[in-house]
Amino acid sequence: MKAKSVIEVVAVFGITLFLVALAGLSPVGEWVRQATNRAFFEYAVMSAVPLLLLVVTRRNLASYGISLRNFRYHLDIGLVAFVPVAFASVPFMFVDETQWGGALIMVGVEIAVLFALGWLLKRKPTRNESGMVVGALLLVNLSSLAGKATIGNGISAFLFYLFFLGLGEELLFRGYIQSRLNEAWGRPYQFFGVHWGWGVVITSILFGVMHFLNLGSLTIKGDWQLTPWWGLWTFFAGFTGGFVREKTGSIVAPTLIHGLPQAIASAFLGI
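To get my numbering, take the position in the sequence shown, counting from 1, and add 2.
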């Protein structure tokens, strides 16, 4: 049962990345990137593969974290978790996370974020607590810098990072892969009162492998730049998304903390 689950998720992971790579090398993928400067087509494929698998095999989408039930709760958790995640994004302005020095700094940052989230979310915050207020104030302050980005870029950034990159990666990793592994491996451990298991670890490993492979650098000419240090720190980042997924039982909050910081940086700061 356990071995079968690992074989299944690794196979789906490999097939998905293969199709994503083909999408990126296709004329459609190239045209979309040239028109938008973003990989919309590739991440649409990444979203479609796990969704199609779950629908065809008639699995319960809610048990895989794909549900909008209790959306206000998930939104609240996502906004509370957004605060430490957003502050943890500051080092990106000063370090190269694809090189060993920057990657090691980001490893430390991600570990700190994980414990900060554990402490914050253990308190079971409501909409009235300070986390949501701080998150809202941070958004307002960042919006004052919106002049650095065009309106078109802002809309494109929010669409891409939230509904394509963020949602696509969370559907595959915290939605399909982690949930499937949890079915076989269970969740025998606890972290700040949240049950988790080897599903989080294996999912984080595959998340790191994807970033190590760096498919975005693959060209039709065969050029390909592997990024092992990027893979290292994103392995640790995977625990953050995995923890929030286990806390909420949904991919809504993980999608928010995954895509929102990048969307804001691109839309409001023009980077």
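Backbone N, C-alpha and C fix where the C-beta goes; we use that ideal spot for every residue, glycine too. Keep in mind the model is a prediction, meaning the values are calculated, not measured.
- Buried or exposed: where does Thr-221 fall if 16 or more other Cβ atoms within 10 Å of its Cβ makes it buried? exposed
- Query: Looking at C-alpha atoms only, which residue of Leu-19, Trp-200 and Arg-182 is the closest neighbour of Asn-62?
  - Reply: Arg-182
- Task: Out of Ala-239, His-213, Glu-10 and Phe-238, state which residue places its alpha-carbon closest to the alpha-carbon of Gln-227.
- Result: His-213
- Residue span of the beta strand (DSSP E) that contains Ala-75, given as start and end: Checking the sequence shown, residue 75 turns out to be Tyr, not Ala. Segment 73-90 is the alpha helix (DSSP H) holding Tyr-75; no beta strand (DSSP E) there.
- Task: Quick one: residues in its chain with C-beta nearer than 6 Å to the C-beta of Ala-159, no 5 flanking neighbours on either side, listed in chain order?
- Result: Ala-265, Ser-268 and Ala-269
- Message: Considering only their Cβ atoms, is the gap separating Leu-77 from Val-254 smaller than 9 Å?
- Response: yes
- Item | Classification of Ile-9 by the beta-carbon crowding that lies within 10 angstroms, buried from 16 upward | exposed
- Can you tell me whether DSSP reads Trp-226 as helix, strand or coil? coil
- Report yes if the C-beta distance between Ala-83 and Leu-19 is below 9 Å; otherwise report no. no
- Message: Output needed for Val-22: all residues of its chain with C-beta closer than 7 Å, excluding positions within five of it in sequence on either side, in chain order.
- Response: Glu-44, Val-47, Met-48 and Leu-217
- May I ask you to list the residues that DSSP assigns as paired with Phe-193? Val-196
- Item | Residue burial classification, Leu-81 (beta-carbon count within 10 angstroms, cutoff 16) | buried
- Message: Tell me which residues share the same chain as Ala-239 and place their Cβ nearer than 7 Å to its Cβ, disregarding the 5 neighbours each side in the sequence.
- Response: Glu-112
- Query: Looking at C-beta atoms only, is the number of pairs between the region 229-237 and the region 93-100 that lie closer than 8 Å three or more?
  - Reply: yes
- Could you tell me if Leu-70 is buried or exposed, where buried requires 16 or more neighbouring beta carbons within 10 angstroms of its beta carbon? exposed
- Task: Following the continuous alpha helix (DSSP H) through Gly-110, name the residue where it begins and the one where it ends.
- Result: 102-124
- With a threshold of 16 other CB atoms inside 10 Å of the CB of Pro-278, please say whether the residue is buried or exposed. Because residue 278 is not part of the residues shown, which for the chain are 3 to 273, the question remains open.
- Alpha carbon to alpha carbon, how far is Val-211 from Thr-107? Give it in angstroms, no decimals. Reading the sequence as shown, one finds Ile at residue 107 and not Thr. Using only the alpha carbons, I get a separation of about 19 Å.
- Query: Do Lys-249 and Ile-68 have their C-beta atoms within less than 9 Å of each other?
  - Reply: no
- Message: Just verifying my parser: in three-state terms, what is the DSSP assignment at Thr-285?
- Response: Not covered by the structure: residue 285. The range shown for the chain is 3 to 273.
- Message: Mapping the DSSP letters down to three states, classify Gly-133 as helix, strand or coil.
- Response: Summary for Gly-133: the model assigns pLDDT 40, below 50, so the residue's position carries little reliability; its value from the coordinates is reported in the next sentence. Gly-133 falls in the helix class under three-state DSSP.
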